[in-house]
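Please read the structure below before turning to the comments.
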Amino acid sequence: MNIFRLAGDLSHLLAIILLLIKIWKTRSCAGISGKSQILFAVVYVSRYLDLVTTFISLYNTLMKLVFITSSFATLYLMYVKFKATYDHNHDSFRIEFLLLPCFVLALLINASFTPLEVLWTFSIYLEAVAILPQLFLVSKTGEAESITSHYLFALGSYRALYLLNWIYRYYAEGHYDLIAIFAGAIQTILYCDFFYLYITKVLKGKKLQLPA
Amino acid sequence: EVEEEGHDEL
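From first to last, the protein sequence lines are chains A and B. Quick note on numbering: the first sequence equals residues 17 to 228 in the numbering used here. Quick note on numbering: the second sequence equals residues 548 to 557 in the numbering used here.
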């Protein structure tokens with residue numbers, strides 16, 4: 017564990033908490049893509065299957081449980097409790113266009129062809145693009161509430177911090193995982209446009225609004 | 548390179 021990795025994990029945790037707070041406090045999931053949240057749930061379940069096979073550390077186990085549980089809690093709030101506020105019409109991204117290619121890619125490019133490893137690889141590829149329905153929703157409505165922007169910033173920062181963690185681990189430990197690094201770079205790049213808007217607008221107290 | 552003990556990152 018190094019400082020980048022810890023900061024990345026905490027940023028990830030913060031993102032999830034911000035999202036739950038936003039939905040709970042406003043009693044609404046307007047502006048949040050249920051499609052992205054479904055994809056994140058798929059990511060966590062397919063990645064953390066090793067919870068039942070491998071014990072790494074208490075920290076590792078607890079964080080995995082928190083991610084899986086909070087992900088399903090978010091889905092519950094969106095699709096059951098505050099279903100009426102869900103922005104169904106704007107959340108029209110077709111997730112099968114992400115799920116299928118990621119799965120095929122995981123079958124083709126993986127570190128070892130075992131069920132757990134293929135599913136882990138699938139989750140890495142899927143996570144890289146899982147935010148696309150959310151970004152698509154923001155681009156369709158042309159704006160995002162400030163708390164939604166904070167959520168997206170924390171979520172994007174997490175993988176950017178992981179990139180620093182991987183660079184650190186390469187030099188400090190000689191450890192690297194090309195699949196995670198490549199997918200993590202793609203994931204971070206997808207947020208760049210949003211990062212720019214966040215820094216130039218939201219941090220200056222303005223609402224995140226896309227140019228018409 | 549996959550560590551035999553699994554992936555330690557989240």
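All residues carry an ideal CB built from backbone N, CA and C; glycine is no exception.
- Residue burial is scored here from C-beta neighbours: VAL96(A) has fewer than 16 other C-beta atoms within 10 angstroms and is therefore classed as exposed.
- For LYS80(A), the nearest CB of chain B lies under 8 Å from its own CB, placing it at the interface with that chain.
- PHE20(A) and TYR184(A) have their C-alpha atoms some 8 Å from each other.
- Among the CB atoms of chain B, none fall inside 8 Å of the CB of TRP40(A).
- In this structure, ILE111(A) lies near LYS51(A), with their beta-carbon atoms less than 8 Å apart.
- Between ALA100(A) and ILE195(A), the alpha-carbon positions lie close to 39 Å from each other.
- DSSP places ILE19(A) inside the alpha helix (DSSP H), whose first and last residues are 19 to 42.
- Taking CB atoms only, ASP107(A) has no neighbour in chain B less than 8 Å away.
- Taking 8 Å as the threshold, the shortest C-beta distance from THR85(A) to chain B does not fall below it.
- Looking at LEU114(A), LYS156(A), ILE72(A), the one whose alpha-carbon comes closest to that of GLN225(A) is LYS156(A).
- ALA89(A) and TYR167(A) have their C-alpha atoms some 16 Å from each other.
- Closest by C-alpha distance to PRO117(A), out of THR77(A), ASP107(A), PHE129(A), GLU143(A), is GLU143(A).
- Residues of the stretch 118 to 152 of chain A whose Cβ lies closer than 8 Å to any Cβ of chain B, in chain order: ALA127, SER128, GLU133, TRP136.
- Apart from sequence neighbours up to five positions away, the residues of its chain that approach ARG43(A) with a beta-carbon distance below 8 Å are PHE98, THR101, ordered along the chain.
- For ALA46(A) and ASP103(A), the gap between their C-alpha atoms comes out near 5 Å.
- The stretch 196 to 210 of chain A makes no contact with the stretch 54 to 74 of chain A, as fewer than three CB pairs between them are under 8 Å.
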